[in-house]
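Residue numbers for the sequence shown follow UniProt numbering, beginning at 3 and rising by one.
Each residue gets a CB set at the ideal place from its N, CA and C atoms; glycine is no exception.
Since the structure comes first, as structure tokens, the remarks are kept for the end.
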Amino acid sequence: DSPYETILLERKGRVALLTLNRPKALNALNLQVMNEVVAATEDLDRDPEVGCVVLTGSAKAFAAGADIKEMCPQGYLDMYLSDWFAAWDRLGRVRTPTVAAVSGYALGGGCELAMLCDILLASDTAVFGQPEIKLGVIPGIGGSQRLTRAVGKAKAMELCLTGRTMDAVEAERAGLVSRVVPAGELLGEALAVADTVAGMSLPVAMMAKESVDRAFETTLTEGVRFERRLFHAVFATEDQKEGMTAFTEKREPRFRHR
Ligand code: CAA
Numbered sequence: 003d004s005p006y007e008t009i010l011l012e013r014k015g016r017v018a019l020l021t022l023n024r025p026k027a028l029n030a031l032n033l034q035v036m037n038e039v040v041a042a043t044e045d046l047d048r049d050p051e052v053g054c055v056v057l058t059g060s061a062k063a064f065a066a067g068a069d070i071k072e073m074c075p076q077g078y079l080d081m082y083l084s085d086w087f088a089a090w091d092r093l094g095r096v097r098t099p100t101v102a103a104v105s106g107y108a109l110g111g112g113c114e115l116a117m118l119c120d121i122l123l124a125s126d127t128a129v130f131g132q133p134e135i136k137l138g139v140i141p142g143i144g145g146s147q148r149l150t151r152a153v154g155k156a157k158a159m160e161l162c163l164t165g166r167t168m169d170a171v172e173a174e175r176a177g178l179v180s181r182v183v184p185a186g187e188l189l190g191e192a193l194a195v196a197d198t199v200a201g202m203s204l205p206v207a208m209m210a211k212e213s214v215d216r217a218f219e220t221t222l223t224e225g226v227r228f229e230r231r232l233f234h235a236v237f238a239t240e241d242q243k244e245g246m247t248a249f250t251e252k253r254e255p256r257f258r259h260r
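Given below as structure tokens:
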């Protein structure tokens with residue numbers, strides 16, 4: 003029995019699949035969806051048996067944005083005092099690696115949600131954009147920041163100022179997504195990538211993720227220093243011994259996530 007109404011949760015070995023499930027609203031991200039996605043992901047993050055989380059939507063829509071109908075009547079103090087969208091920040095602090103599998107619309111908050119994930123895979127039907135300006139608002143879940151870091155100022159500025167969307171090919175060329183796959187293969191491919199990640203040493207994967215993320219937060223010198231400290235730290239794990247021993251013994255490693 004699932005405690006959630008707007009998302010579906012499945013476990014496939016060490017991979018967890020979280021599917022946004024508000025089809026009538028193209029997975030528009032209302033507060034209930036936000037709270038459920040964040041709570042479920044934080045739960046999975048606490049589970050040492052989960053090595054990677056895949057987040058996906060439907061074929062037509064990963065998510066068509068934050069819920070416009072829910073936001074329409076709000077005033078400044080409603081937004082400020084409830085700290086609207088603040089819970090999404092917690093998704094960015096999850097330590098287990100995450101994969102966004104995007105098919106169809108990833109607009110506004112949908113694009114921002116995909117960018118909160120670590121690996122972003124797109125189907126050839128994916129459409130990305132930050133069309134908030136057409137509604138008289140601006141991105142509110144980090145879109146103006148993460149899109150700019152992902153694709154650079156030129157494209158981010160054009161997308162945020164005109165509301166123009168990008169197809170999957172443009173998104174890959176711009177560096178927003180790591181790969182584009184045929185729509186029918188998206189979920190299988192995302193699960194395969196997640197399975198690969200989940201097969202690695204979980205603490206080492208967490209450190210790799212932390213280290214890449216640090217590149218967005220600090221200077222090169224500090225980032226390299228941070229990486230070096232973690233690199234030294236992995237030598238305290240059993241999995242480092244196993245990984246390097248397996249190589250010398252010409253066999254596959256069996257990581258024990260410790
Ligand atoms: N919020 C609430 N409801 C939404 C929604 C959204 N973001 N996107 C779609 N829906 C609803 C529609 O209202 C419609 O519901 P009804 O049947 O009750 O009218 C249903 O989903 C199906 O949508 P459409 O009929 O519009 O489907 P379509 O195929 O004709 O068009 C679309 C698809 C182009 C994605 C269109 O739905 C659309 O433009 N959606 C809004 C996209 C958008 O502006 N997103 C940004 C939202 S603001 C935001 O995200 C702020 C932020 O930074 C967090």
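Item	Value
For aspartate 169: DSSP bridge partner residues	Val129
The alpha helix (DSSP H) enclosing tyrosine 82, as first and last residue numbers	78-84
Distance cut-off 8 angstroms: glutamine 76 Cβ against heavy atoms of the ligand CAA	no
Backbone secondary structure at alanine 66 - three-state DSSP	coil
Own chain partners of isoleucine 9 with C-beta closer than 8 angstroms, once the 5 adjacent residues on each side are dropped	Leu20, Thr21, Leu22, Asn23, Val35, Glu38, Val39, Ala42
Local Cβ density within 10 Å of aspartate 120, reported as buried at 16 or more and exposed below that	buried
Distance cut-off 8 angstroms: glycine 138 Cβ against heavy atoms of the ligand CAA	no
is_contact[phenylalanine 237, chain B] using C-beta, thresh 9 angstroms	Here there is only one protein chain, and chain B is not present.
The alpha helix (DSSP H) enclosing alanine 108, as first and last residue numbers	Where alanine 108 is concerned, there is no enclosing alpha helix (DSSP H), although the beta strand (DSSP E) it sits in stretches over 107-109.
Separation of leucine 28 from cysteine 162, as counted between CA atoms	21 angstroms
Bounding residues of the alpha helix (DSSP H) (the contiguous stretch that carries arginine 148)	145-153
Unbroken stretches of the beta strand (DSSP E), 3 residues or longer, contained in the segment 32-61	54-58
Alpha-carbon spacing of alanine 89 relative to glutamate 240, whole angstroms	35 angstroms
Threonine 21 - DSSP class collapsed to helix/strand/coil	strand
Inter-residue CB distance, alanine 124 and valine 199 (contact presumed, cutoff 8 angstroms)	With 8 angstroms as the limit, alanine 124 and valine 199 do not qualify as a contact, their Cβ atoms being about 18 angstroms apart.
beta-carbon phenylalanine 87 near the ligand CAA non-hydrogen atom, thresh 8 angstroms	yes
Three-state secondary structure (DSSP) of lysine 243	helix
Through-space distance from histidine 234 to methionine 246, alpha-carbon basis	15 angstroms
Distance cut-off 8 angstroms: leucine 109 Cβ against heavy atoms of the ligand CAA	yes
Cβ-heavy atom distance, glutamine 132 to the ligand CAA, below 8 angstroms	yes
Heavy atom of the ligand CAA within 8 angstroms of alanine 61 beta-carbon	no
Supposed close pair alanine 65, alanine 18 - CB separation, criterion 8 angstroms	Not a contact, Cβ separation roughly 18 angstroms.
C-alpha gap between glutamate 72 and glycine 177, whole angstroms	32 angstroms
Proximity test, aspartate 91 beta-carbon vs the ligand CAA heavy atom, cut-off 8 angstroms	no
Three-pair Cβ contact test at 8 angstroms for the segment 224-231 versus the segment 99-107	no
Burial state of cysteine 74 (16 or more Cβ within 10 Å)	exposed
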